[in-house]
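The structure appears right after this line, and notes come after that.
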Amino acid sequence: MSSRKSKSNNLIQAEYLSRVQRILRERFCHQSPHSNLFGVQVQYKHLIELLKRTAIHGESNSALIIGPRGSGKTMLINHALKELIEVEEEVKMYYKQLNLETVVGDKVFGSFAENLSFLLEDLKKGDWNSSCPAIFMSDEFDLFAHHKNQTLLYNLFDISQFAQTPVAVIGLTHRLHILELLDKRVKSRFFHWQIHLMNSFGFPQYLKIFREQLSLSAVFPDKIFAEKWNEKAQNLSEDRSVQEVLQKHFNVSKNLRSLHMLLRLANQLCSVDSKANIVRGLSVLEICLIIAMKHLNDIYEEEPFNFKMVYNEFQKFVQRRAHSVYNFEKPVVMKAFEHLQQLELIRPLERTSVNAQREYQLMKRLLDNTQIMNALQKYPNCPTYVRQWATSSLNWL
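Each residue of the sequence shown is one higher than the one before, starting from 4 at the first, in our numbering.
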């Protein structure tokens, strides 16, 4: 009964860990709107007020969100849209707002330009009382400013001023002098709202951001698990070696995207199999000894082995397939065997006594078959017959 309960607990823990992975992946890779905003509360207030004027009160607007790459422009707009959807359920995806499937009918567009032209015309003909508001967002806004005649920008800003349908046009850019790139006619249609994002926080705030990026929110299903997890995140942020790494990173770049890249890199390094990496740096003789141990473990079902058994298995391979290529003297093979022990790829079952013969000391392998085969796949210039020996069955000879 206790073993069944233990198994059930392990499954629950695995499910929670999987959920944590999904949460962190959303934060680090997809600019999740469910994570917290840091240091941009004032800018967020301005943006959400501007969008609410369009979505709720039917007032058209246009604005630019300006900030260096990684300053949180996309995250800011994602949070604002999330709040709009929660406050006003009618604020949906733009195509759903306009109900275009009933407007277009059987009309077929030959290009994106024709499609966009139809949308703009439809917005101009809308009725202020019955039309649903539309929100246009343009990432990398400066790229549109470099386009010939800036026709798209002109049309978007034009409908935000004169169309009957309430429209908000939000541009995201890292170019501080973006207005200098706009034509006069485009500039005349722009409302000149500008929201600037600058990462002006210090290192203590950066540490807090680091901790909160790793922490779980109060809505996590298991509060005890979340509390323990958050305690670990707190301890990690207080670790001196971690703070030193973060301080160096902060001095170079303090944007959140860069921090997320650092955290993803840390995860990749944690998941690297160190023993498999060691195997890829071994000599061919040492690789052959590990393969011999693999076959012995397959034959004797994970029973301990000694040097004598490994040497005999290796000699079979040399005599039947490799001939004189790897016909090393026994002391040389013993030296390679001892090197594997120094690298902690094998270990003795008992402490070595002074009088014990090294050849017969029982050893245990610290690599599993999967690690060995993965390492061999990446081993540089591994001889074909050695690779075949590793992948062969017990009766391959």
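Virtual Cβ for every residue (Gly too), placed ideally from N, Cα, C.
Note that the structure is a prediction, hence the values are computed from the model and not measured.
With 16 as the cutoff for other CB atoms within 10 Å, does residue i come out buried or exposed?
i           : result
residue 81  : buried
residue 365 : exposed
residue 313 : buried
residue 298 : buried
residue 47  : buried
residue 257 : buried
residue 112 : Here residue 112 scores only 48 on pLDDT, less than 50, and its place in the model is too uncertain to base an answer on.
residue 350 : exposed
residue 392 : buried
residue 394 : exposed
residue 389 : buried
residue 336 : buried
residue 153 : buried
residue 378 : buried
residue 1   : Outside the shown range of the chain, which is 4 to 400, sits residue 1, and nothing can be said about it.
On the premise that residue j lies in contact with residue i, defined as a C-beta separation below 8 Å, what is that separation, rounded to the nearest angstrom?
i           : j           : result
residue 203 : residue 42  : 7 Å
residue 361 : residue 310 : 7 Å
residue 73  : residue 261 : 6 Å
residue 278 : residue 155 : About 56 Å; that fails the 8 Å criterion.
residue 185 : residue 193 : 7 Å
residue 320 : residue 288 : Actually they do not touch by this definition, with Cβ atoms about 11 Å apart.
residue 218 : residue 233 : 5 Å
What does residue i pair with, by DSSP beta-bridge criteria?
i           : result
residue 137 : 170
residue 339 : Paired residue(s): none; residue 339 is not in a bridge.
residue 64  : 171
residue 351 : 366
residue 331 : Its beta-bridge partners do not exist; DSSP assigns none.
residue 317 : Per DSSP, none; premise fails for residue 317.
residue 308 : 366
residue 69  : 176 and 199
Would you say residue i faces chain C, with C-beta separation under 8 Å as the test?
i           : result
residue 173 : Given the protein chain composition of this structure (a single chain), no chain C is represented.
Three or more beta-carbon pairs under 8 Å between the segment 71 to 87 and the segment 181 to 191, yes or no? no
Report yes or no: do the segment 166 to 178 and the segment 207 to 226 share at least 3 C-beta pairs separated by less than 8 Å? no
Ignoring anything shorter than 3 residues, give me the beta strand (DSSP E) runs that lie fully in the segment 165 to 247, in order along the chain. 170 to 176 and 196 to 199
Between the segment 336 to 351 and the segment 282 to 302, do three or more beta carbon pairs fall short of 8 Å? yes
Assess, as a yes-or-no matter, whether the segment 151 to 163 is touched by the segment 60 to 70 under the definition of 3 or more beta carbon pairs within less than 8 Å. yes
Pairing CB atoms from the segment 19 to 29 with CB atoms from the segment 239 to 259, are three or more of them under 8 Å? no
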